[in-house]
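Undergrad:
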Amino acid sequence: MGTILAYAATYDGKYVVSIPKYGAERRGAPVQNSIKIDDKPIKRHAQIENADDIVSLDSSLVPRFFKEDLFDGKGTLTLNASEYPSAYDIYTPEKFGLCNVQEITQSEGLVKSGSAMTGIPMLGAYLATSDALTMDALHYAIDQVFGKNKYLEANHKAVDRTYRETKVRRR
Amino acid sequence: MLTEEKTKNIKIWTGNDAVANAVRLSRPEVIAAYPITPSTPIIKTISNWAAKGEMDVEYISVESEHAAMAGCVGASAAGGRTFTATASQGLLYMMEMVYMAGFTRLPMTMAVVNRSLFAGWNIWVDHHDMYSMRDAGWIQIIAKNNQEAHDMIPVSFKVSENHDVYVPSAVNIDGFILSHVAGQVEPLSQKLVDDFLPAFDPIFKLDPADPVSFGSLTLPGRYAKLRQDHLESMDRARKHLREGFEEMSELTGRNWGSLVEIYGEENADVGIISLGTIAEETEEAVDILNTMGIGSFGATRLRSFRPFPFEEVVDAARRYGQIIVIDRAYSMGANAPLVTEIRNHLQKANISTPVKSLITGVGGQEVPYTLLVKMFQEVMKQEVA
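Residue numbers (the numbering used here), protein chains in the order written: chain H, 1 to 171; chain W, 1001 to 1385.
(1) CA-CA distance, S1132 (chain W) and D1194 (chain W)?
(2) Between D160 (chain H) and chain W, is the shortest Cβ-Cβ distance under 7 Å, so that the two count as touching?
(3) For F96 (chain H), which three-state DSSP category applies?
(4) Who are the Cβ neighbours of A1149 (chain W) in its own chain at under 7 Å, not counting the five residues just before and after it?
(5) Run the CB neighbour count on K1006 (chain W), radius 10 Å, all protein chains shown included, and call it buried at 16 or more, exposed below.
(6) Can you find a C-beta in chain H that's less than 7 Å from the C-beta of P1107 (chain W)?
(7) Could you tell me the boundaries of the alpha helix (DSSP H) in which P85 (chain H) lies?
(8) With distances taken between CB atoms, is the gap from V1057 (chain W) to I1036 (chain W) smaller than 7 Å?
(9) Check the Cβ-Cβ distances between D1214 (chain W) and every residue of chain H, and say whether any is below 7 Å.
(10) Nearest-angstrom Cα distance between K1225 (chain W) and M1095 (chain W)?
(11) Compute the Euclidean distance between the alpha carbons of P1187 (chain W) and W1013 (chain W), then round it to the nearest angstrom.
(12) Contact check, V1270 (chain W) vs F1310 (chain W) under 8 Å by CB: the rounded distance?
(13) Under the three-state reduction of DSSP, which class applies to W1013 (chain W): helix, strand or coil?
(14) Could you check what DSSP says for A116 (chain H) in three-state terms: helix, strand or coil?
(15) Note the first and the last residue of the continuous alpha helix (DSSP H) segment covering M1248 (chain W).
(16) Assess, as a yes-or-no matter, whether the segment 1147-1166 of chain W is touched by the segment 1122-1129 of chain W under the definition of 3 or more beta carbon pairs within less than 8 Å.
(17) Whose C-alpha, out of W:P1028, W:Q1089 and W:Q1147, is nearest the C-alpha of F1200 (chain W)?
(18) Which of the three DSSP states is assigned to Q1140 (chain W) in this structure?
(19) Decide if Y1223 (chain W) is buried, meaning its Cβ has at least 16 other Cβ atoms within 10 Å, or exposed.
(20) Please report the Cβ distance between G1137 (chain W) and H1066 (chain W), rounded to the nearest whole angstrom; I am assuming they are in contact, meaning their Cβ atoms lie under 8 Å.
(21) Taking T1300 (chain W) as part of the beta strand (DSSP E), name the residues at either end of that continuous run.
(22) Please list, in chain order, the residues of the segment 1170-1187 of chain W that have any C-beta partner in chain H closer than 7 Å.
(23) Are the C-beta atoms of C6 (chain H) and some chain W residue less than 7 Å apart?
(24) Considering only the alpha carbon of each residue, which of W:F1245, W:L1259 and W:V1260 lies closest to G1253 (chain W)?
(25) Based on the DSSP output, what are the partners of M1110 (chain W) in its beta bridges?
(26) Closer than 7 Å, CB to CB, is T1037 (chain W) near chain H or not?
(27) Do D69 (chain H) and I48 (chain H) have their C-beta atoms closer together than 7 Å?
(28) What are the boundary residues of the alpha helix (DSSP H) that includes Y7 (chain H)?
(29) Please tell me whether G1280 (chain W) has its Cβ less than 7 Å away from any Cβ of chain H.
(30) Report yes if the CB atom of V1373 (chain W) is closer than 7 Å to the CB atom of K1356 (chain W), and no otherwise.
(31) Would you mind sorting V62 (chain H) into buried or exposed? The rule is 16 or more other CB atoms within 10 Å of its CB.
(32) Run through DSSP, which three-state label would E165 (chain H) get?
(33) Taking the alpha helix (DSSP H) that P1154 (chain W) belongs to, which residues open and close that run?
(34) Indicate the three-state DSSP secondary structure (helix, strand or coil) for Y140 (chain H) in the structure shown.
(35) If you drop the 5 nearest sequence neighbours on each side, which residues of the same chain put their C-beta closer than 8 Å to that of H1345 (chain W)?
(36) Out of W:F1157, W:G1215 and W:L1275, which has the shortest C-alpha to C-alpha gap to A1237 (chain W)?
Below is the structure:
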């Protein structure tokens, strides 16, 4: 996800870094990645403490890691969920995006070893919510990373669908 | 904003990707390497290329870091352009051979992906590993971002193999902060690197048709002469590194033009001297401090630790009212390595600029610019004898 967003930001003329948080990774455990996008070169190497936008593949996670409101009426929160979870009542982003990315991912055949690969499709939902980058940039980035991979076309289709089907709610 | 032309060329590479790709462009003939976090992706990438025939190199899989550097010693002594990568305990485990490469004057390049040392068990960045090889007779270059890591690899090969220098060279990148962070890199072209980096032309090499011996019994007088020659070669390396950085700057349009990089107010009340990624974070802190009405702030980043940039450090001490030196490591029972070297040299140069010490960022401790702003203000209060 981080590399795709970084290529997309580059296509849109932005400076970017993608900072994964490393530790004792294992399948199914929570993972986190910080993306910094700016109009000027990025010199900040530390993880993001106060993000403008949060994108979550698993709607149970955000309240576990962010106990307090980060948004104060600004930024966006995009969730892989079809219903608004009540645990998110504390958050006040400017825009809230909801999309059942899981279902779209599975229906486009983006499943590997029994797991839906929701990461890239999630980015369509994010761009529908945030306008941070263009969809042209996202498609460019998918081409850059997936090349001739068998999942290339399915990812293109999936992000178009998640972009269209995301319900964006303003505060 | 990026120009459209840059946008098309840019790759999103981790620091390890940036190093591996630059190594391929530099056409090494032998690589002997053993994996250790966080340097593993460099040699994994290269060994994949070698296995698929995408890189024409003799890749030697070895059973330890000690064997890896032993392989590099043999390869360089036989006249091959040689590369390896390691980190942390791996560097310590190969240290006997690191000194052998240095003191035998065997040109090669090693990427050191800086990581803390045991114990406790910790895989994240600091500079204890880098400082451990400071007296091994190697050039030590430190990159601040993935682009610099990429561009410094051909410079490292070139200066290392220069007959006027002829010592091995290490390019250091901060573990995870660069090695695993994906950033924007404009790749060097094969033509640029081929034009920049001539083929390795060994002064001596192991050759059955013309036998020579490396490291035979050396009596005290000659041994001292060898070390003195080595010292003088490292002194000459400053000039060749400067020229290498300048040439790379001209070829790429990126500014790698000296042994140090100066940021912010050149004659600031407070100047911060540091190495690697924390120097970029420092630039952000400097910008904030300069708006706070508590004096003027500037920063000087050392791109080279060996040879030590004496002239540039003296210049910094003459420019700044006081200096804060950041070390990402300790020297137990003494002061930290970088601040000690700077104080030592300024004393020798009879310069009395106060030099204060900040040790931070060890074992991967996050050091955001916001924290640096607070820490610099605290360190400014230190009493200096």
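By construction, the Cβ of each residue, glycine as well, lies at the ideal position given by its N, Cα and C atoms.
Everything numeric in this text was worked out from a predicted model, so none of it was measured.
TA: Reading off the structure:
(1) 33 Å
(2) no
(3) DSSP, read as helix, strand or coil, puts F96 (chain H) in strand.
(4) G1015, A1018, V1019, A1143, V1171, I1173 and L1178
(5) exposed
(6) no
(7) That residue, P85 (chain H), is in no alpha helix (DSSP H); it is neither H nor E in DSSP.
(8) no
(9) As written in the sequence, residue 1214 (chain W) is Phe, which differs from the Asp given in the question. It does not; no Cβ of chain H falls within 7 Å.
(10) 23 Å
(11) 10 Å
(12) At roughly 21 Å, the Cβ-Cβ gap does not stay under 8 Å, so V1270 (chain W) and F1310 (chain W) are not in contact.
(13) strand
(14) strand
(15) Start and end: P1220 to T1252.
(16) no
(17) W:P1028
(18) strand
(19) exposed
(20) Not confirmed; about 18 Å, so no contact.
(21) F1297 to L1302
(22) F1176, I1177, H1180, V1181, A1182, G1183 and Q1184
(23) It is worth fixing the name first, because residue 6 (chain H) is Ala in this sequence and not Cys. So, interface residue.
(24) W:F1245
(25) W:T1084 and W:A1170
(26) T1037 (chain W) has a beta carbon lying at 7 Å or more from every beta carbon in chain H.
(27) No, they are not a contact pair.
(28) Run containing Y7 (chain H): G2 to Y11, per the alpha helix (DSSP H) assignment.
(29) For the record, residue 1280 (chain W) in the displayed sequence is Glu; it is not Gly. Closer than 7 Å to some Cβ of chain H, the Cβ of E1280 (chain W) qualifies, so yes.
(30) no
(31) buried
(32) In this structure, E165 (chain H) counts as helix in the three-state DSSP scheme.
(33) N1146 to E1161
(34) helix
(35) F1308, F1310, V1313 and V1314
(36) W:F1157
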